[in-house]
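For the record, the sequence lines run as chains A and B.
Note that this note's numbering has the first sequence beginning at 120, numbered continuously upward.
Note that this note's numbering has the second sequence beginning at 120, numbered continuously upward.
There are 2 protein chains.
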Amino acid sequence: MKTQAITVDFRNALSKHVGKHGVARDKLFALQPRIDRYHAQLCRERASGKLRFADLPHNREYPRAVSALAKELIPKCRNFVVLGIGGSALGNIAVQTALNSPHYNLLPQSQRKGCPRIFVEDNIDPDRFVALLDMIDLKKTVFNVITKSGQTAETMSQFLIIQDMLKKKLGRSYNKHIVATTDAKGGFLRPIAEAEGYRTLEVPDGVGGRFSVLSPVGLLSAAMAGINIRQLLKGAADMDKRCQTASLKKNPAYLCAALLHQADTRKNLHTVVLMPYCDALKDVSDWFRQLWAESLGKRLGRGGKEVFTGQNPVKALGTTDQHSQVQLYVEGPFDKIIAFLAVDRFARTIKLPKTFSEVEGISYLGGKSLNQLMHAELQGTAIALADAGRPNFTIHLPSVNAHTVGQLIFMFEMQTAMAGKLYGINTFDQPGVEAGKTATYALMGRKGFEKEKRRIAGRIKANHSDRV
Amino acid sequence: MKTQAITVDFRNALSKHVGKHGVARDKLFALQPRIDRYHAQLCRERASGKLRFADLPHNREYPRAVSALAKELIPKCRNFVVLGIGGSALGNIAVQTALNSPHYNLLPQSQRKGCPRIFVEDNIDPDRFVALLDMIDLKKTVFNVITKSGQTAETMSQFLIIQDMLKKKLGRSYNKHIVATTDAKGGFLRPIAEAEGYRTLEVPDGVGGRFSVLSPVGLLSAAMAGINIRQLLKGAADMDKRCQTASLKKNPAYLCAALLHQADTRKNLHTVVLMPYCDALKDVSDWFRQLWAESLGKRLGRGGKEVFTGQNPVKALGTTDQHSQVQLYVEGPFDKIIAFLAVDRFARTIKLPKTFSEVEGISYLGGKSLNQLMHAELQGTAIALADAGRPNFTIHLPSVNAHTVGQLIFMFEMQTAMAGKLYGINTFDQPGVEAGKTATYALMGRKGFEKEKRRIAGRIKANHSDRV
């Protein structure tokens, strides 16, 4: 494990190296007693079954059920479509992008080890959904409907549409084309699944959507694409070992939590940019955005006082965003901290030929590799940011594989759990999304929401004086 | 044009409706005299040829040259690969995503009107580049290398690789597989293109990368995919007409500029989230991110004083991000303004069947349409944000087509030009990216950068005490 371990280099985040907008090293490590206390709390919560996400890397039943189901389904299907949103989609997408070819769905099936194409439909845009349904052969397609409650409006709408289409097209045996990943006992989808005879998997109790990627929610689509889910879980379990200590000098998850909390609350670095220098990791940023925003963006502190916390997570990609966002990061307001993801070794190396070596402006490239250029650009950008007084730090992955991605996922999850303690909020709820749901139900005419409908009627009237 | 015109509804951004974090209506319109003055400046700059991007919608030569070239190339190629980064890629991607099927590259060629698959390679990740090269038949591929200076390290590296591969595989006729979009006379790529006999297009003088999508930079890939580039330009020209007045009550670009400037500088809404409720528009957000960040993120004001300006642009997507970011937007810090993009009419309508109508929790969906749900969720989210005191506004597109997308692009460009005036900075330069380039050159061993190499040597040494 040693050489395949993720490490965090936080030198460029420290005031000693980037000046007054950086985090003071002594202040950072002065958090250790608080971290010790919160670590003890987390350990107690875990022991009493209140931190279920942390147990997922060690669960043996889930990967067994998932692998068995994938083994059965793969030979029968050409398309595997996840119907899910938020925590039921972002982890699936992140893992696919990280561990499969960027052109996976374009490859011939033989080059996909016989695995189906994978689609994660995480929106209800009608034009997008029609475009998919127009393109796939339903007879060779399996849909994985993922919703714990069975009342996620977007996912259940998609389900109603495909259930109807499948049944009309395939008759009674349509039920073999749906896998329901839902609550083990409750909710609205479980009884439908049982009555109709769908294959089912469990969304574990006590694991919120944004912490569920290592459960059947995220594992089935991975297994369907031939990803080694045991290595993914092994990576997470190895990171879990490193998270058994509270020491900021040894536990990378807690170090990142403390660093970002200090950055946000003491240095007004209210935005954290997650910027992998690696295309495969770009959708890990989207998954992290949910984890960080939904967990820490809270109105109320634990005592019931209004606190309005939450650092703003932003997705970026190197080198691409050097030509889009770095101007702002280098010269704009001092309100950001950049978290780079560096991949020390790519799978492939591409040499740059020495053609046109007489042309000044490109001659220095010949004989080098694209890999060298990628590393030099990351280092160059980190140095330029530091020189401009902009805090940044780098999370190093030795390479990108199921084991390192598993580590990264679990590290971010534990980092978020610790950050929630530091902010003094409830990491695991999301009360702020209820108001929007209520208004949507009212607008859609759901029973019981008549009063809300009357309340918001004035709000939705056109108003020409405030329209251009 | 009337009914196909984009409109902006800014009611929910006003303090009257969202409380103290909203922009005061009278303060907003009190900006009119400044806007008048800046409008006059912009008109003068335009008349003297210093605002070239604004002339692009009216240029007849570019679309003619692009269409002719596309007509010639389309029958000969199966893959069209753009090699470009930043302003040479984001516009291309935005237009493709907006106006083609979300699964365009997966469709059989017959369903693509005989047009080739389109790839925009805007990074140098070696694994991504190999994955593409492994998959395409070079004999049936045309590469469009886009760089004005011919010394963009990423693009020229890609060029060196594909030039070498093509020449080895195809011999002298390899030159028919490269189109160089570059400076009309100068730079490092122009002489290579002429010596080797590539087809060429022009990157216009005086148009920065981020303002170049309506030039041959963005138009060729669009035309290669069968997109109606004349309608795109017509939409931009129609928006240009609306931008001839300085009146905030009539000019949507200036209204948005004034609104966002007030939001950022008077209300501490330092982040603007661009959140289309439409998958097709999601990459317009990425293009806008560059436009807004690189234009307004500046250290120096016009007088040479340090100002460190720049609002932080964030990409989001509805409904998807309701399940990821909206918790933070509703309950987190009061530092964001949300700009929704609403599509009043999608191309297709999907009805929701009344199946499982006995199941409470989903029965309200039956008989409605996915389109209704999409609209209700946008309205519900806007109301919930407003009720929580969070400013937001909505840009309405009657539908998504080349004409409305052209309007949107030009609106954002003029909005940015006016915002630059309000911030008092140079909208069109990007001095902050030089330091990173210099460090990269040094690390890559480019001649003339030896001093920089010595300077940064200490910076890149491993330091184990700040590493976990």
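Note that CB positions come from ideal geometry on N, CA and C, so glycine has one too.
Keep in mind that this is a model prediction, so the values were computed, not measured.
Beta-carbon neighbours of residue 225 of chain A, restricted to chain B and to distances below 9 Å:
224, 225, 236 and 254
Helix, strand or coil: how does DSSP classify residue 152 of chain A here?
helix
Test item: CB-CB of residue 329 of chain B and residue 444 of chain A under 8 Å:
Taking 8 Å as the Cβ cut-off, residue 329 of chain B and residue 444 of chain A do not qualify as a contacting pair.
Round the Cβ separation of residue 471 of chain A and residue 485 of chain A to the nearest angstrom and send it over; I've been treating them as touching at under 8 Å.
6 Å
Any C-beta of chain A sitting closer than 8 Å to the C-beta of residue 413 of chain B?
yes
Segment contact flag, the region 417 to 429 of chain A with the region 440 to 457 of chain B, C-beta cutoff 8 Å, min 3 pairs:
yes
DSSP state of residue 241 of chain B, grouped into three classes?
coil
Would you kindly work out how many angstroms separate the C-alpha atoms of residue 253 of chain A and residue 267 of chain A, rounded to a whole number?
28 Å
Can the beta-carbon of residue 227 of chain A be found less than 8 Å from the beta-carbon of residue 198 of chain A?
no
Quick one: which residues of the region 381 to 403 of chain B get their C-beta closer than 7 Å to a C-beta of chain A? List them in chain order.
389, 390, 397, 398 and 399
Where does residue 479 of chain B sit, in a helix, a strand or coil, going by DSSP?
Three-state DSSP puts residue 479 of chain B in coil, outside helix and strand.
Could you tell me which uninterrupted alpha helix (DSSP H) segments, each at least 4 residues in length, are contained entirely in the region 356 to 433 of chain A, listed from first to last along the chain?
371 to 386 and 401 to 415
Residue 559 of chain B - DSSP class collapsed to helix/strand/coil
Here residue 559 of chain B sits in helix by DSSP.
Sequence-distant residues of its chain with Cβ nearer than 6 Å to residue 211 of chain A (five each side left out)
201, 239, 337 and 340
What residue range does the beta strand (DSSP E) around residue 459 of chain B cover?
455 to 462
Leaving aside the five residues before and after residue 345 of chain B along the sequence, list all residues of the same chain whose C-beta is less than 6 Å from its C-beta, in chain order.
Excluding positions up to five away in sequence, the list reads 232 and 234.
Reduced DSSP category for residue 587 of chain A - H, G, I as helix; E, B as strand; rest coil:
Three-state DSSP puts residue 587 of chain A in coil, outside helix and strand.
Burial state of residue 506 of chain B, where buried means 16 or more other Cβ atoms lie within 10 Å:
buried
Count the other CB atoms, across all protein chains shown, that sit within 10 Å of the CB of residue 324 of chain B; report buried if there are 16 or more and exposed otherwise.
exposed
Using a Cβ cut-off of 9 Å, which residues of the region 463 to 485 of chain A contact any Cβ in chain B, in chain order?
Answer set for the region 463 to 485 of chain A: 465, 466, 467, 468, 469, 470, 471, 472, 473, 474, 475, 478, 479, 480, 481, 482, 483, 484 and 485.
Note down the Cα distance separating residue 533 of chain A from residue 360 of chain A, rounded to an integer number of angstroms.
12 Å
Any Cβ of chain A within less than 8 Å of the Cβ of residue 409 of chain B?
Chain A contact via Cβ: present.
Element boundaries [beta strand (DSSP E), containing residue 503 of chain B]:
Unbroken run through residue 503 of chain B is the alpha helix (DSSP H), 489 to 506; no beta strand (DSSP E).
Could you name the residues of the region 512 to 524 of chain B whose beta carbon sits closer than 7 Å to any beta carbon of chain A, in the order they occur along the chain?
none
Whose Cβ in chain A lies nearer than 9 Å to the Cβ of residue 148 of chain B?
Here the premise fails: no neighbours, minimum Cβ distance about 11 Å.
Within 10 Å of its beta-carbon, does residue 387 of chain A have 16 or more other beta-carbons around it, so buried, or fewer, so exposed?
Residue 387 of chain A comes out exposed.
Considering residue 552 of chain B, what are the terminal residues of the beta strand (DSSP E) in which it resides?
Premise fails: residue 552 of chain B is in no beta strand (DSSP E) and is neither H nor E.
For residue 499 of chain B and chain A, any beta-carbon pair shorter than 8 Å?
yes
Residues in the region 337 to 358 of chain A with C-beta within 9 Å of chain B's C-beta atoms, listed in sequence order?
Answer set for the region 337 to 358 of chain A: empty.
In chain B, which residues lie with their C-beta within 8 Å of the C-beta of residue 311 of chain A?
Here the neighbours are 475 and 478.
Shorter than 8 Å from the beta carbon of residue 450 of chain B to some beta carbon of chain A?
yes
Between residue 177 of chain B and chain A, is any beta-carbon pair separated by less than 8 Å?
Not one chain A Cβ lies under 8 Å of residue 177 of chain B.
Could you tell me the distance, in whole angstroms, from the CA atom of residue 585 of chain A to the CA atom of residue 289 of chain A?
Straight-line Cα distance between these residues: approximately 51 Å.
Closer than 8 Å between beta carbons: that is the criterion. Which residues of the region 559 to 578 of chain B meet it against chain A?
Flagged, chain order: 559, 560, 561, 562, 563, 564, 565, 566, 575 and 578.
Can the beta-carbon of residue 483 of chain B be found closer than 8 Å to that of residue 565 of chain A?
yes
In angstroms, rounded to a whole number, what distance separates the CA positions of residue 552 of chain B and residue 129 of chain A?
A direct Cα-to-Cα measurement between residue 552 of chain B and residue 129 of chain A gives close to 22 Å.
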